[in-house]
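2 protein chains.
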Amino acid sequence: AAAATEKKQKVVLVRIETSPEDVVGMHVSEGILTAQGGMTSHAAVVGRGMGKCCVVGCKQLHIDYKARKFTVEGAKTEYKEGDVISLDGFTGEVFSGPIKRVDPEFSGHFKTFMEWVDATRQIKVRANAETEFDVVNALRFGAEGIGLARTEHMFFAADRIPSMRKMILAKNEKERRAALDELLPMQQRDFEMIFRHMDGKPVTVRTIDPPLHEFLPHEPAAQEELAKEMGVSAKDIRDKVAQLYEANPMLGHRGCRLGITYPEITEMQARAILAAAVVVAKEGKKVLPEIMIPLVGHYKELTDQEAIVRRVAEEVFKQYGSRIEYLVGTMIEVPRGALTADEVARTAEFFSFGTNDLTQMTLGFSRDDYAPFIKVYLEKGIYEYDPFAVLDQTGVGQLMEMAVKKGRSTRPTLKCGICGEHGGEPKSVEFCHRIGLNYVSASPFRVPVARVAAAQAAIRNPRDTK
Amino acid sequence: AAAATEKKQKVVLVRIETSPEDVVGMHVSEGILTAQGGMTSHAAVVGRGMGKCCVVGCKQLHIDYKARKFTVEGAKTEYKEGDVISLDGFTGEVFSGPIKRVDPEFSGHFKTFMEWVDATRQIKVRANAETEFDVVNALRFGAEGIGLARTEHMFFAADRIPSMRKMILAKNEKERRAALDELLPMQQRDFEMIFRHMDGKPVTVRTIDPPLHEFLPHEPAAQEELAKEMGVSAKDIRDKVAQLYEANPMLGHRGCRLGITYPEITEMQARAILAAAVVVAKEGKKVLPEIMIPLVGHYKELTDQEAIVRRVAEEVFKQYGSRIEYLVGTMIEVPRGALTADEVARTAEFFSFGTNDLTQMTLGFSRDDYAPFIKVYLEKGIYEYDPFAVLDQTGVGQLMEMAVKKGRSTRPTLKCGICGEHGGEPKSVEFCHRIGLNYVSASPFRVPVARVAAAQAAIRNPRDTK
């Protein structure tokens with residue numbers, strides 16, 4: 091895809107499924123088509139965030155990467171690299187050849203209507219964003235803050251991933267710290283960019299979340315190339331990939347588990363966030379950083395990570411001779427975190443419901459693997475909606491409501507929000523309004539829908555106090 | 091291992107980790123040593139059930155399957171196939187060369203003591219068993235029933251797995267039914283064996299649980315061999331394995347999701363269980379079958395599967411001209427199942443807490459992958475105990491207590507038990523007693539410990555009514 095774009099061709103990325111290694115290819119593509127996955131698979135989530143047209147889980151596709159072609163079950167035509175196809179992201183249709191398209195437009199009436207909407211709703215609407223493109227888009231679509239900045243997305247950029255990989259391949263803490271020192275100024279610049287754009291609006295930054303193997307290449311050829319670049323043996327890389335292999339990475343060594351086993355990662359990230367905040371505050375902007383620790387299931391995980399953040403904050407404030415206000419909170423995305431929210435809220439200054447993962451664990455549905463059975467489940471009416479598209483209020487929602495109540499029993503002022511994909515889905519937004527969340531956060535392209543849904547929710551379920 | 095045993099050699103099985111394909115090798119081994127995994131990984135659970143000495147998660151091992159040898163980090167010696175090592179399953183120590191060993195003995199005093207124990211405890215103790223060896227052992231160790239018979243363990247036997255694989259590779263329902271018809275008489279004979287031994291004692295049979303890819307070989311050589319045996323192309327098998335590949339199989343297409351997408355599997359299993367029960371009842375034995383549907387998170391999953399079981403039961407009773415009593419219930423192992431236990435208990439006549447999976451999903455810990463971080467967690471005191479060894483009462487226990495209360499609010503007589511590994515761990519047994527479970531179930535070798543723990547729990551926390 092990248093090569094094609096260099097030649098200024100428009101391309102549709104066709105993959106069995108996408109992985110973080112495809113992000114660059116996704117960026118330069120007009121649309122994305124995958125054979126596997128569902129509403130919240132990598133292609134769908136990342137594609138939606140980029141505002142790309144995306145059709146996922148098209149099981150009839152047989153893709154042959156080597157021959158650079160695909161066939162469709164039951165059809166005779168072969169589609170080779172260079173052939174033209176068109177996608178409709180609303181209906182999930184894939185068309186052979188080009189079709190006529192129009193760009194969407196925002197009229198003046200739309201603007202007036204959205205002003206009425208904003209005057210009516212009682213919860214805030216933020217966006218999930220971390221790249222400059224997304225942050226600017228988020229503001230354009232009316233976001234009142236960033237609900238989720240995924241720091242790891244920044245690590246995949248070409249200038250950062252070598253340092254990230256050095257960090258992962260480090261043989262000891264000293265080597266790891268040296269690699270993290272390389273990442274620090276780059277991360278800090280990213281956060282400065284976000285804080286400048288979001289002047290006066292809160293920004294929730296999540297510390298590193300995905301398992302480390304996602305940052306290493308899995309193909310032998312790419313491993314050998316990387317080995318050369320890094321001056322290590324291909325075996326070193328293979329061994330590390332094998333060592334990091336997990337049977338169920340979703341439930342593996344990720345989220346705050348990384349920050350707890352490698353405290354120096356949290357340290358570097360806290361330093362980058364807080365130094366950026368102080369720098370931008372000194373420029374006269376209003377910064378409101380909220381540092382969010384992911385995957386907390388036990389309150390002691392949060393106290394462990396919070397202690398690092400608070401210590402680093404004092405170091406940064408001393409170094410710059412200037413203080414700022416900031417919050418430390420957590421994602422509630424592990425069922426145990428919700429069940430023990432009263433304990434977690436002793437430390438957490440805010441909760442953000444990560445309903446993608448909370449749905450995965452509460453229902454026991456892997457979002458990468460549920461496509462084959464969810465189809466039958468929906469046909470048989472076992473679930474009324476795809477639970478990754480529309481929040482399962484009875485199960486996942488029950489945990490959310492419990493967590494809000496338990497959390498506020500400990501800390502009455504606890505700020506609660508949602509940053510899962512459901513934050514942009516109207517029925518789910520209404521539920522969030524009803525259980526007393528302070529805000530919803532969705533990908534920038536879904537912010538206008540979330541604003542309207544929040545207004546409708548407020549009309550149907552007026553709250554006593556704003 | 092199997093080859094060595096044919097030569098009447100005693101062997102220790104050394105693997106990076108074990109998988110269901112190793113079960114035969116595990117059976118013929120004196121002990122099992124793995125480089126990966128923890129307390130509830132495949133090797134530990136299956137090894138414990140077999141009463142094998144087992145040391146798992148020995149990360150310092152570097153095993154080279156090709157060269158049939160291993161080395162130990164920090165040591166110079168190589169251990170080749172044929173070299174003697176010894177294991178201590180209590181301490182986790184591995185010794186170079188042979189050590190002096192003694193077999194455990196049960197004295198008369200032990201028997202008397204256990205009679206006092208049984209007179210004191212207020213909850214029943216069952217065993218998890220399905221092979222004749224385990225079932226007989228369970229009775230010998232004082233089990234009062236089978237709490238978990240894992241039907242899929244039977245499918246790995248040499249005479250069954252070809253039919254199982256035919257079923258998986260079937261191109262349509264008709265082919266699938268033909269393969270299931272081959273499995274039916276074998277499953278029925280297995281259940282007859284269990285019911286005969288357990289005369290007068292309840293037997294909980296769980297319908298198929300693991301994802302189907304576990305029944306297919308993953309190594310190219312084994313795939314080609316299988317292709318020859320089955321008269322299909324190796325590509326067919328490779329394609330099926332690829333199609334069944336899951337990013338997170340723990341949260342994938344398994345448990346009742348299989349029975350819902352392929353109702354004919356549940357049909358065959360219900361038929362085998364109930365026909366076996368009728369046959370053995372006709373022999374004058376008392377059969378008490380309890381059919382358990384796994385991985386239920388939504389009550390409609392259970393009503394879907396229950397309808398199949400009840401329909402098949404009537405067909406079987408008509409065919410044999412004889413009826414028996416039986417129960418239909420579910421495992422509570424998905425957090426959503428516990429959260430909606432009041433709905434589930436409208437259909438379920440019993441709950442059995444599958445605390446291995448319930449712990450995995452509630453904490454978001456994959457038991458195959460948690461070894462690297464749980465070590466740090468225990469060192470830092472984040473968790474006091476390994477949550478797969480000792481039940482996490484605050485989190486997982488909270489869900490269990492909620493499920494018992496909600497379930498009995500709908501169905502006051504709801505029978506509740508536990509069949510996870512925690513059922514044999516003293517602290518967890520006490521918790522089960524306190525929240526009002528009717529029984530615990532553990533691997534046969536842990537039954538005596540569970541009986542003692544249940545008596546101690548009764549003394550410390552007397553229940554009003556027995």
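Residue numbers (our numbering), protein chains in the order written: chain A, 91 to 556; chain B, 91 to 556.
Using N, Cα and C, we set each Cβ at its ideal position, and we do this for glycine too.
For residue i, which residues does DSSP report across the bridge?
i: A532(B); result: A217(B)
i: V184(B); result: L177(B)
i: I236(B); result: A217(B), V293(B)
i: R105(A); result: T124(A)
i: Y169(B); result: F160(B)
With a cut-off of 8 Å on the beta carbons, I'd call residue i and residue j a contact; round off their distance for me.
i: I464(B); j: G235(B); result: Wrong, their Cβ atoms sit about 32 Å apart, outside the cutoff.
i: A367(B); j: F285(B); result: 6 Å
i: I381(A); j: V295(A); result: 6 Å
i: S456(A); j: N528(B); result: At roughly 33 Å, the Cβ-Cβ gap does not stay under 8 Å, so S456(A) and N528(B) are not in contact.
i: T161(A); j: E171(A); result: In fact, because the Cβ distance is near 14 Å, the residues do not count as touching under 8 Å.
i: R266(B); j: M257(B); result: 5 Å
i: H287(B); j: V331(B); result: Their Cβ separation, rounded to whole angstroms, is 37 Å, which puts H287(B) and V331(B) out of contact at 8 Å.
i: D299(B); j: G345(B); result: 5 Å
i: L177(B); j: V102(B); result: 7 Å
i: A149(A); j: D289(A); result: Sequence inspection shows Lys at residue 149(A); the Ala mentioned does not correspond to that position. That belief does not hold up - the Cβ atoms of K149(A) and D289(A) are roughly 46 Å apart, past 8 Å.
i: H132(B); j: E107(B); result: 7 Å
i: V486(B); j: L448(B); result: 6 Å
i: L504(B); j: R498(B); result: 5 Å
i: S531(A); j: G237(A); result: 2 Å
Excluding five sequence neighbours on each side, which residues of the same chain lie with their C-beta closer than 8 Å to the C-beta of residue i?
i: S412(A); result: V368, A371, K372
i: N551(A); result: E520, H523, R524
i: H117(B); result: M140
i: H152(B); result: A125, F160, T161, V162, E163
Leaving out five residues on either side along the sequence, give the residues of the same chain with a beta carbon under 7 Å from the beta carbon of residue i.
i: R361(A); result: L274, V402, V406
i: E282(A); result: A366, V369, V370
i: R541(A); result: M204, V207, D208, R211, V215, G232
i: I398(B); result: P353, T356, E357, A360
i: T130(A); result: N446, R457, F478, E511
i: A493(B); result: I422, A428, A431, F441
Below 6 Å CB to CB, which residues in the same chain sit around residue i once its five sequence neighbours on both sides are set aside?
i: K556(B); result: Summary for K556(B): the model assigns pLDDT 45, below 50, so the residue's position carries little reliability; its value from the coordinates is reported in the next sentence. Only Q212 meet the Cβ criterion.
i: K496(A); result: A431, D432
i: T500(B); result: D432, A435, R436
i: L378(B); result: P292
i: Q278(B); result: A362, A365, A366
i: S533(A); result: R138, G139, N218
i: F185(A); result: S176
i: H343(A); result: P301
- Query: Which runs of the beta strand (DSSP E) fall wholly inside the region 108–167 of chain B and span at least 3 residues, in chain order?
  - Reply: 121–124, 143–145, 151–154, 159–162
- Query: Considering only residues of the region 401–455 of chain B, which uninterrupted alpha helix (DSSP H) runs meet the minimum length of 4 residues and lie entirely inside it, listed in chain order?
  - Reply: 425–429, 431–434, 445–453
- Quick one: which unbroken alpha helix (DSSP H) runs of 4-plus residues sit fully inside the region 341–386 of chain A? Chain order, please. 346–351, 353–372
- Query: Can you find at least 3 beta carbon pairs, one from the region 504–514 of chain B and one from the region 438–451 of chain B, that sit closer than 8 Å?
  - Reply: yes
- Ignoring anything shorter than 4 residues or poking outside the region 252–316 of chain A, list the alpha helix (DSSP H) runs there in chain order. 263–287
- Message: What ranges does the alpha helix (DSSP H) occupy inside the region 464–544 of chain B, keeping only unbroken runs of at least 4 residues that lie completely in it?
- Response: 486–500, 516–524
- Query: Taking one C-beta from the region 416–431 of chain B and one from the region 319–328 of chain B each time, how about it: are there three or more such pairs within less than 8 Å?
  - Reply: no
- Message: Within 8 Å, do at least three Cβ pairs link the region 215–224 of chain B to the region 535–543 of chain B?
- Response: yes
- Report yes or no: do three or more beta-carbon pairs, one from the region 332–348 of chain A and one from the region 137–148 of chain A, lie closer than 8 Å? no
- Message: Check whether the region 345–358 of chain B and the region 381–400 of chain B touch, using three or more Cβ-Cβ pairs below 8 Å as the test.
- Response: yes
- Message: For the structure I just gave you, are there three or more beta carbon pairs, one from the region 108–125 of chain A and one from the region 144–156 of chain A, closer than 8 Å?
- Response: yes
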